[in-house]
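Asks: Quick one: the structure is below, and I'll ask about it shortly.
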Amino acid sequence: MSRRRLTLAIIVTLAIVAAFLVRLVDLQVVQADELNKASTTKREIAQRVYAPRGQILDANGVVLADSVTRYDITAAPINVGAFQRTAKDGTKTTVSVLDQANEIATITKQDPTVVYTALTKNPKSNFSLVTKAVDTSVLRAVRKLRIPGVDDQPHPKRTYPAGAVAGNLVGFVGTDGPQNGLETMENKCLAGTDGTVKYERSADNVQIPGSAVTTKTAIPGGTIKTTLDSDLQWFTQQAIAQQGAAIGATSATAIVVRIKDAHLLAVADWPSVDPNNVSGTSPDFLGSLAATAAYEPGSVFKGMSAAILVDSGNATPQTQVTVPSHWATPEGGFINDADPHGVERLTLTGVLQQSSNVGISMIGGEVSPKLRYDYMQKFGLGAPTAVGFQGESKGILNKWQSWDSQTKYNVLYGQGVAATALQVASIYQTLGNGGVRLPLTLVQNCTKPDGTVTDVPSTTGTQVVSTATSKTTVNMLESIVDSGPLSKAVKIPGYRIAGKSGTAQMAKPNGGGYGSDRIVSFVGLAPADDPQYEVLVTYTKPVTIRTSAAAAPTFKKIMTQVLTK
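Residue numbers (this note's numbering): 10 to 574.
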């Protein structure tokens with residue numbers, strides 16, 4: 010009987026062993042590849058490797074925008090729980106999850122409940138974000154806590170070393186990506202391509218040393234080189250801010266252009282945003298008013314109108330006209346000069362010196378609206394500049410066929426038409442450059458990490474008026490500085506200056522004609538005998554000085570800095 014039982018036991022044992030062998034062969038041979046793949050998948054973790062965003066530089070290599078390494082504090086809730094912490098003296102203390110949340114929150118300056126939620130909300134999860142973009146001091150302090158399940162990941166963060174300098178142009182990056190300025194316009198160049206690293210983890214979800222493999226290499230973003238001079242940009246911003254506050258203006262712009270290549274050396278707006286503190290600026294001033302705010306420029310347009318008259322053969326600097334302070338047009342309209350005066354006999358040069366609306370209308374009205382419109386288009390009006398700034402306005406230049414009997418005269422002295430400060434700057438760059446309008450340039454190029462250079466702007470110019478006309482017009486504009494009403498305010502010892510003032514009426518907010526508010530400006534070229542630089546200064550709604558006399562001192566201050574820099 011015992012022998013039969015032993016035989017049966019052996020048979021059963023052999024059957025069991027055979028079953029195990031069959032299963033073992035099935036697992037290790039038949040299903041080996043599939044199971045290994047599944048096992049690796051469960052152990053393998055893919056981690057994003059952030060690519061740094063490219064720099065934005067001024068023309069001299071000064072960094073205006075950069076990326077610095079910051080760290081996201083993360084957690085694996087599946088591994089979070091109370092643990093024993095051993096002090097240096099060997100004393101052990103139990104640290105609860107609530108204690109852990111309080112310790113982390115004290116370092117990261119967060120609400121402890123927010124941290125506690127991140128640690129516990131999804132207890133089976135392998136990832137939870139505790140906080141983003143902390144610096145190395147915070148990172149070290151959190152690491153020192155040695156809390157199981159709490160980890161960190163590097164994460165580039167945008168920083169702006171120059172602060173508000175050129176903040177109106179550089180823009181900023183928010184939580185949803187680039188939000189404004191060059192950060193948005195040049196995002197294709199600046200944005201990097203994130204990579205991926207995969208590593209294997211142990212059963213307790215700890216990374217296995219030496220298991221990390223880069224499956225996709227992170228590619229940094231390219232570098233944008235601008236035409237700006239950051240020192241001059243800072244000086245210009247300070248100058249308009251100081252005068253703007255003194256005269257009670259609501260806003261101001263100032264532009265510095267290098268005439269021969271149309272490079273924008275400074276484009277200042279006041280108020281202006283500090284990209285490091287975007288919330289500290291009104292939404293109305295997050296961009297560049299110089300590009301986005303179109304306005305009726307007023308008498309600064311007379312320099313262009315005089316050039317059109319000379320170039321078309323309809324006038325010379327000596328063309329004479331008898332000018333009353335109030336003139337009834339042949340069509341029944343009315344033109345007034347800013348200040349009442351007796352009947353004056355003026356040349357075209359004198360009309361510019363006295364900034365006479367009546368005088369420029371009487372001479373310019375003889376030129377067909379179509380011809381004037383064609384010239385104005387060639388000067389760049391009615392279209393955005395080559396800068397292509399985010400939200401840039403094209404201004405207002407209605408078709409000449411729609412000009413009524415009043416508008417046909419008004420456009421000669423900057424009413425009935427709207428332009429941005431950049432467009433006005435482009436007009437005077439043209440006059441100073443032998444009549445050739447070059448594309449205004451803010452970005453010189455984009456250099457990719459592999460050395461590829463892209464985004465090189467066009468340098469093709471447009472001959473708007475002849476070289477002779479350009480020279481003649483600049484000479485007339487120089488006479489304004491030599492003997493005009495603002496002569497003392499804008500003259501710079503040792504330099505010949507050509508320029509034109511403008512005091513433009515602003516339309517009433519709800520229509521119904523013009524109100525009492527003004528936009529005042531002064532634009533000038535230097536040296537007048539061979540213009541190298543242009544400075545344009547504009548103030549909106551000044552209170553204490555409501556004429557172009559408010560802009561003249563700032564022009565002189567900035568142009569002096571430019572010429573002596």
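Where a beta carbon is used, it is the ideal one built from N, C-alpha and C, also for glycine.
(1) Please report the straight-line C-alpha distance between residue 117 and residue 107, rounded to a whole angstrom.
(2) So, do the stretch 325-345 and the stretch 445-454 have three or more beta carbon pairs nearer to each other than 8 Å?
(3) Per DSSP, what kind of secondary structure is residue 155 in: helix, strand or coil?
(4) According to DSSP, is residue 47 helix, strand or coil?
(5) Entirely within the stretch 255-305 and at least 4 residues each: give me those alpha helix (DSSP H) ranges in chain order.
(6) Exposed or buried, which one is residue 560 when buried takes at least 16 other CB atoms within 10 Å?
(7) Quick check: the stretch 478-495 against the stretch 524-543, are there 3 or more CB pairs under 8 Å?
(8) Do residue 191 and residue 231 have their C-beta atoms within less than 9 Å of each other?
(9) Assuming contact is defined by CB atoms lying nearer than 9 Å, are residue 268 and residue 472 in contact in what I supplied?
(10) Would you mind working out which of 413, 347 and 323 sits nearest residue 380, comparing C-alpha positions?
(11) Checking 9 Å against the spacing of the C-beta atoms, do residue 597 and residue 300 come in under that value?
(12) Could you pull out every residue in the same chain whose Cβ sits closer than 6 Å to the Cβ of residue 49, ignoring the five residues on either side in sequence?
(13) Could you tell me the boundaries of the beta strand (DSSP E) in which residue 77 lies?
(14) Report the start-end ranges of each alpha helix (DSSP H) in the stretch 471-498 that is 4 residues or longer and not cut off at the edges.
(15) Would you check if the stretch 347-364 and the stretch 477-488 touch, i.e. whether three or more CB-CB distances between them fall below 8 Å?
(16) Going by Cα to Cα distance, which pick from 311, 315 and 276 is closest to residue 576?
(17) Can you check which of these residues, 109, 172 and 204, is closest to residue 158 by C-alpha distance?
(18) Roughly how many angstroms separate the alpha carbons of residue 310 and residue 513, rounded to a whole number?
(19) Output yes or no for whether 9 Å exceeds the beta carbon distance between residue 127 and residue 84.
(20) Can you grab the Cα-Cα spacing for the pair residue 409 / residue 391, in whole Å?
(21) Quick one: residues in its chain with C-beta nearer than 6 Å to the C-beta of residue 145, no 5 flanking neighbours on either side, listed in chain order?
(22) Which runs of the alpha helix (DSSP H), 4 residues or longer, sit entirely within the stretch 493-571?
(23) Let me know the secondary structure DSSP gives residue 14 once reduced to three states.
(24) Counting pairs of beta carbons, one from the stretch 556-571 and one from the stretch 505-519, are three or more of them closer than 8 Å?
(25) Where residue 205 and residue 433 are concerned, what is the direct C-alpha to C-alpha distance, given to the nearest angstrom?
(26) Going by beta carbon distance, what residues of the same chain come within less than 7 Å of residue 203, once the five residues before and after it are set aside?
(27) Just confirm the distance between the C-beta atoms of residue 489 and residue 503, as a whole number of angstroms; I'd bet it's less than 8 Å.
(28) I'd like the list of long-range same chain contacts for residue 47, defined as Cβ closer than 7 Å, with 5 residues on each side in sequence excluded.
(29) Could you spell out where the beta strand (DSSP E) holding residue 137 opens and where it closes?
(30) Where residue 388 and residue 313 are concerned, what is the direct C-alpha to C-alpha distance, given to the nearest angstrom?
(31) Quick one: residues in its chain with C-beta nearer than 8 Å to the C-beta of residue 523, no 5 flanking neighbours on either side, listed in chain order?
(32) Taking only three categories from DSSP, how would you classify residue 331?
(33) Beta-carbon separation of residue 175 and residue 302 under 9 Å?
(34) Along the beta strand (DSSP E) that carries residue 101, what are the first and last residues, could you check?
(35) Could you compute how far the alpha carbon of residue 103 sits from the alpha carbon of residue 154?
(36) Taking only runs that begin and end inside the stretch 387-432, name each unbroken alpha helix (DSSP H) of 4 or more residues, in chain order.
Replies: The short version:
(1) The residue you call residue 117 lines up with position 108 of the sequence shown. The residue you call residue 107 lines up with position 98 of the sequence shown. C-alpha separation (whole angstroms): 15 Å.
(2) They do not touch, by the three-pair rule.
(3) Locating residue 155 in the sequence shown gives position 146, counting from the first residue. Correct three-state label for residue 155: coil.
(4) On the sequence shown, position 38 is the one that residue 47 refers to. In this predicted model, residue 47 has a pLDDT of only 47, less than 50, meaning its place in the structure is not dependable; the value taken from the coordinates is given anyway. Residue state, collapsed to three classes: helix.
(5) Within the stretch 255-305, the alpha helix (DSSP H) runs of at least 4 residues that lie entirely inside it are, in chain order, 298-301.
(6) In the sequence shown, residue 560 corresponds to position 551, counting from 1. Looking at its Cβ environment, which holds 16 or more other Cβ atoms inside 10 Å, residue 560 is buried.
(7) Segments in contact, yes.
(8) Within the sequence shown, the letter at position 182 stands for residue 191. Within the sequence shown, the letter at position 222 stands for residue 231. Cβ distance not < 9 Å, so residue 191 and residue 231 don't count as in contact.
(9) Against the sequence shown, residue 268 aligns to sequence position 259. Against the sequence shown, residue 472 aligns to sequence position 463. Contact flag unset, no.
(10) The sequence position of residue 380 within the sequence shown is 371, counting from 1. For the set 413, 347 and 323, the Cα lying nearest the Cα of residue 380 is the one of 323.
(11) Not covered by the structure: residue 597. The range shown for the chain is 10 to 574.
(12) In the sequence shown, residue 49 corresponds to position 40, counting from 1. Confidence is the limiting factor: at residue 49 the pLDDT is only 47, short of 50, which leaves the residue's position unreliable, though a coordinate-based value still follows. Same-chain partners within the cutoff: there are none.
(13) Position 68 of the sequence shown, counting from 1, holds the residue named residue 77. First-last of the beta strand (DSSP E) with residue 77: 72-84.
(14) Listed in chain order, they are 476-492.
(15) As far as the Cβ criterion goes, the stretch 477-488 touches the stretch 347-364, which means the pair count is three or higher.
(16) What is shown of the chain runs 10 to 574, which leaves residue 576 out entirely.
(17) Position 149 of the sequence shown holds residue 158. Checking every option, the nearest Cα to that of residue 158 belongs to 109.
(18) Here residue 310 corresponds to residue number 301 of the sequence shown, with the count starting at 1. Here residue 513 corresponds to residue number 504 of the sequence shown, with the count starting at 1. Going by C-alpha positions, residue 310 is about 10 Å away from residue 513.
(19) The residue you call residue 127 lines up with position 118 of the sequence shown. The residue you call residue 84 lines up with position 75 of the sequence shown. Yes.
(20) Along the sequence shown, one-based indexing puts residue 409 at 400. Along the sequence shown, one-based indexing puts residue 391 at 382. Looking at the two C-alpha atoms, the distance is approximately 12 Å.
(21) Your numbering for residue 145 matches position 136 in the sequence shown. Within the same chain, residue 145 has no close Cβ partners at all.
(22) Runs of the alpha helix (DSSP H) lying entirely within the stretch 493-571, each at least 4 residues long, are 496-499 in chain order.
(23) Locating residue 14 in the sequence shown gives position 5, where the first residue counts as 1. Note: residue 14 maps to helix in three-state DSSP.
(24) Verdict: yes, contact present.
(25) Translated into the one-based positions of the sequence shown, residue 205 becomes position 196. Translated into the one-based positions of the sequence shown, residue 433 becomes position 424. Between residue 205 and residue 433, the C-alpha separation is close to 49 Å.
(26) Against the sequence shown, residue 203 aligns to sequence position 194. Same-chain partners within the cutoff: 57, 58, 59, 60 and 227.
(27) Counting from one through the sequence shown, the residue named residue 489 turns up at place 480. Counting from one through the sequence shown, the residue named residue 503 turns up at place 494. Not quite, the Cβ-Cβ distance comes to about 19 Å (not below 8 Å), so this is no contact.
(28) To locate residue 47, count along the sequence shown from 1; it is residue 38. Caution applies to residue 47, whose pLDDT of 47 falls short of 50 and renders its modelled position unreliable; the value that the coordinates give is listed next. Excluding positions up to five away in sequence, the list is empty.
(29) The residue labelled residue 137 in the question sits at position 128 within the sequence shown. Per DSSP, residue 137 belongs to the beta strand (DSSP E) from 137-143.
(30) Looking up residue 388 in the sequence shown gives position 379. Looking up residue 313 in the sequence shown gives position 304. Spanning the alpha carbons of residue 388 and residue 313 requires a straight line of approximately 8 Å.
(31) By one-based count along the sequence shown, residue 523 stands at place 514. Here the set comprises 514, 515, 516 and 517.
(32) By one-based count along the sequence shown, residue 331 stands at place 322. Looking at residue 331 - three-state DSSP - the assignment turns out to be strand.
(33) Residue 175 sits at position 166 when you count from the first residue of the sequence shown. Residue 302 sits at position 293 when you count from the first residue of the sequence shown. Against a cut-off of 9 Å, the Cβ pair of residue 302 and residue 175 comes out as no contact.
(34) As a first step, residue 101 must be located in the sequence shown, where it is residue number 92. Taken as a continuous stretch (DSSP letters only), the beta strand (DSSP E) holding residue 101 covers 101-104.
(35) Residue 103 sits at position 94 when you count from the first residue of the sequence shown. Residue 154 sits at position 145 when you count from the first residue of the sequence shown. Between the alpha carbons of residue 103 and residue 154 lies a gap of roughly 13 Å.
(36) Counting only runs that start and end inside the stretch 387-432, the alpha helix (DSSP H) elements of at least 4 residues fall at 416-419.
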